[in-house]
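For the sequence shown, counting from 1, position 35 maps to 35 in the numbering used here; every step adds exactly one.
Ideal Cβ positions, reconstructed from N, Cα and C, are used throughout, including at glycine.
The structure presented is a predicted model; accordingly, all values stated were derived computationally and were not measured.
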Amino acid sequence: MIPLWKGSCNQWDCDEMGHMNVRVYVEKQLEGMVAFAHHLGMPEAFRTNAPATVLPIDQHIRFVREVLPGKPLSMRGCVLEIGESDAVIYQELRHLDGSLSAAFRTRIIHLDTAEGERFPWTRRTRARMEATKGTTPEEALPRSFDPDSAGWPVSEITISKAETIGAPRVGIGAVQPGHCGVHGWMEPSWFIGRLSDAVPNLLYDWRSRVGQKTKGAPLGAAVLEYRLRYHRMPRAGDLFVVHSSFGGVLGKTHSLVHWVMDPETGGPWATSQVVAITLDLEARKAVAAPPEMLDELEKIAPRGLSI
1 MIPLWKGSCN
11 QWDCDEMGHM
21 NVRVYVEKQL
31 EGMVAFAHHL
41 GMPEAFRTNA
51 PATVLPIDQH
61 IRFVREVLPG
71 KPLSMRGCVL
81 EIGESDAVIY
91 QELRHLDGSL
101 SAAFRTRIIH
111 LDTAEGERFP
121 WTRRTRARME
131 ATKGTTPEEA
141 LPRSFDPDSA
151 GWPVSEITIS
161 KAETIGAPRV
171 GIGAVQPGHC
181 GVHGWMEPSW
191 FIGRLSDAVP
201 NLLYDWRSRV
211 GQKTKGAPLG
221 AAVLEYRLRY
231 HRMPRAGDLF
241 VVHSSFGGVL
251 GKTHSLVHWV
261 MDPETGGPWA
271 TSQVVAITLD
281 LEARKAVAAP
291 PEMLDELEKI
301 APRGLSI
């Protein structure tokens with residue numbers, strides 16, 4: 001494991017649940033990826049005139065222990081797999097006491113910034129990758145998803161498909177210039193950020209009704225795992241819509257599938273699946289939603305979408 005980042009969680013990094021927002025986790029992961037690129041002999045990868053860069057195309061995130069304001073954090077990482085023009089890297093965020101906060105398993109590609117085409121790693125970069133190969137710690141392994149599953153063909157991921165099954169549109173927006181990186185496309189952290197913004201349109205009233213049923217403390221949510229497939233990277237001024245579908249229940253967890261779509265083409269920008277819990281915001285513990293409320297959630301966001 002090589003050190004990639006060290007810092008802390010600020011109050012403004014946190015959301016209405018009182019803990020660090022998922023977008024900020026990915027922002028820190030991306031910062032660590034820049035450090036990784038330097039270590040691999042690609043210091044220009046995230047600079048304006050870089051001839052080549054690395055881009056995430058598939059990512060699994062496991063959230064293990066929530067991060068509260070003021071808490072110190074550090075990040076380490078290693079290479080898990082090396083392909084001709086792609087690789088899988090592992091990054092982990094840990095608390096000051098060494099306990100795991102979050103783990104990221106990200107497939108990246110080596111990209112020509114002029115043509116937007118993949119091309120092979122250099123021999124020097126491959127050698128440095130080999131020198132940093134490692135394994136995922138047992139406590140950070142995926143639990144809910146197979147991070148290597150192929151998912152649906154892009155041709156089958158369409159707005160018309162989402163509308164046909166009745167998956168509600170929970171988010172609409174446009175890509176802001178300030179959300180784009182040096183190569184012109186939206187930073188990956190804003191995909192998960194926009195999903196975080198959109199989900200209350202689906203779940204806010206539902207959670208309130210769950211709270212009335214359970215007669216407990218105020219309720220929120222905590223994400224346990226995320227799988228994101230990045231199909232195309234939007235640029236400033238591009239539009240997006242988000243459709244959501246129920247993905248099932250296991251114990252106290254529920255799953256949702258989200259499609260971030262391009263309304264101009266009808267095709268996908270990104271697709272994702274999330275496993276989450278309903279959270280007692282006072283006890284900071286998971287709350288099991290009554291079965292009838294889970295049935296209601298499935299009616300609100302019918303099954304049918306997949307990543």
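Opposing strand residues paired with residue 20 [DSSP bridges]: Sequence index remark: in the sequence shown, residue 20 carries index 20 (1-based). 14.
Beta-carbon proximity list for residue 15, same chain, < 6 Å, skipping 5 on both sides: Translated into the one-based positions of the sequence shown, residue 15 becomes position 15. 21, listed in sequence order.
Pair within 8 Å by beta-carbon distance, residue 242 and residue 223: For the purposes of this step, residue 242 is taken as the residue at position 242 of the sequence shown. For the purposes of this step, residue 223 is taken as the residue at position 223 of the sequence shown. No; because the gap between Cβ atoms is not below 8 Å, this pair is not in contact.
Coarse secondary structure for residue 178, derived from DSSP in three states: By 1-based counting over the sequence shown, the position of residue 178 is 178. In this structure, residue 178 counts as helix in the three-state DSSP scheme.
Rounded Cβ spacing between residue 229 and residue 270 (contact assumed at less than 8 Å): Along the sequence shown, one-based indexing puts residue 229 at 229. Along the sequence shown, one-based indexing puts residue 270 at 270. Correct: roughly 6 Å between the Cβ atoms.
Cβ separation of residue 142 and residue 66, assumed to be a contact under 8 Å, to the nearest whole Å: Your numbering for residue 142 matches position 142 in the sequence shown. Your numbering for residue 66 matches position 66 in the sequence shown. Rounded, the Cβ-Cβ distance is 19 Å, inconsistent with contact.
Length of the line joining the Cα atoms of residue 181 and residue 235: Reading the sequence shown from its first residue, position 181 is the one you call residue 181. Reading the sequence shown from its first residue, position 235 is the one you call residue 235. Straight-line Cα distance between these residues: approximately 9 Å.
Candidates 93, 277 and 104, of which the one nearest residue 8 by Cα: Translated into the one-based positions of the sequence shown, residue 8 becomes position 8. Considering only alpha carbons, the answer is 93.
For residue 6, the residue or residues it bridges with in DSSP: Here the question's residue 6 lines up with position 6 in the sequence shown. Answer by DSSP bridge pairing, in chain order: 74.
Beta-carbon proximity check, residue 198 vs residue 276, cutoff 8 Å: In the sequence shown, counting from the first residue as 1, residue 198 sits at position 198. In the sequence shown, counting from the first residue as 1, residue 276 sits at position 276. Not a contact, by the Cβ cut-off of 8 Å.
Assigned exposure category for residue 123 - 16 Cβ within 10 Å defines buried: Numbered from its first residue, the sequence shown carries residue 123 at position 123. Exposed, since its Cβ has fewer than 16 Cβ neighbours within 10 Å.
Beta strand (DSSP E) runs wholly inside the segment 142 to 220, at least 3 long, in chain order: 169 to 174
Cut-off 7 Å between Cβ atoms - residues of its own chain near residue 253, not counting five sequence neighbours on either side: By one-based count along the sequence shown, residue 253 stands at place 253. These residues qualify, in order along the chain: 224, 275, 276 and 277.
Bridge partners - residue 133, DSSP secondary structure assignment: On the sequence shown, position 133 is the one that residue 133 refers to. DSSP output for residue 133 lists 79 as bridge partner(s).
Spatially closest choice to residue 217 from 56, 158 and 287, by CA coordinates: Numbered from its first residue, the sequence shown carries residue 217 at position 217. Of the candidates 56, 158 and 287, the one whose C-alpha sits nearest the C-alpha of residue 217 is 287.
Neighbourhood of residue 165 by C-beta, 8 Å cutoff - its chain only, sequence neighbours within 5 removed: To locate residue 165, count along the sequence shown from 1; it is residue 165. Closer than 8 Å at Cβ, skipping near neighbours: 245, 302, 303, 304 and 305.
Given residue 307 as reference, the closest of 258, 263 and 112 once Cα atoms are compared: Position 307 of the sequence shown holds residue 307. For the residues 258, 263 and 112, the minimum Cα distance to residue 307 belongs to 258.
Presumed contact (8 Å Cβ cut-off) between residue 90 and residue 41, rounded CB distance: Within the sequence shown, residue 90 is the residue found at index 90, counting from 1. Within the sequence shown, residue 41 is the residue found at index 41, counting from 1. That pair is no contact at about 19 Å.
Contacting residues, own chain, Cβ-Cβ under 6 Å from residue 177 (five flanking each side not counted): Here residue 177 refers to the residue found at position 177 when the sequence shown is read from its first residue. Result list for residue 177: 236, in chain order.
Close Cβ partners of residue 69 (< 7 Å) along its chain, the five nearest in sequence each way excluded: Counted from its first residue, the sequence shown places residue 69 at position 69. So the list reads 9, 10, 11 and 14, once near-sequence residues are dropped.
DSSP state of residue 114 mapped onto helix, strand, coil: As a working note, residue 114 is residue 114 in the sequence shown. Of the three classes helix, strand and coil, the one that applies to residue 114 here is coil, per DSSP.
Euclidean distance between Cα positions of residue 3 and residue 100: In the sequence shown, the residue the question calls residue 3 occupies position 3. In the sequence shown, the residue the question calls residue 100 occupies position 100. In a straight line, the C-alpha of residue 3 is about 15 Å away from that of residue 100.
Beta-carbon proximity list for residue 255, same chain, < 6 Å, skipping 5 on both sides: Taking the first residue of the sequence shown as 1, we reach residue 255 at position 255. Within the same chain, residue 255 has close Cβ partners 247, 248 and 275.
Buried versus exposed call for residue 53 [16 or more other C-beta atoms within 10 Å across all chains shown]: Taking the first residue of the sequence shown as 1, we reach residue 53 at position 53. Classification of residue 53: buried, given that the 10 Å Cβ count is 16 or more.
Those residues which DSSP pairs with residue 248 across a bridge: For the purposes of this step, residue 248 is identified with residue 248 of the sequence shown, where counting begins at 1. Paired residue(s): 255.
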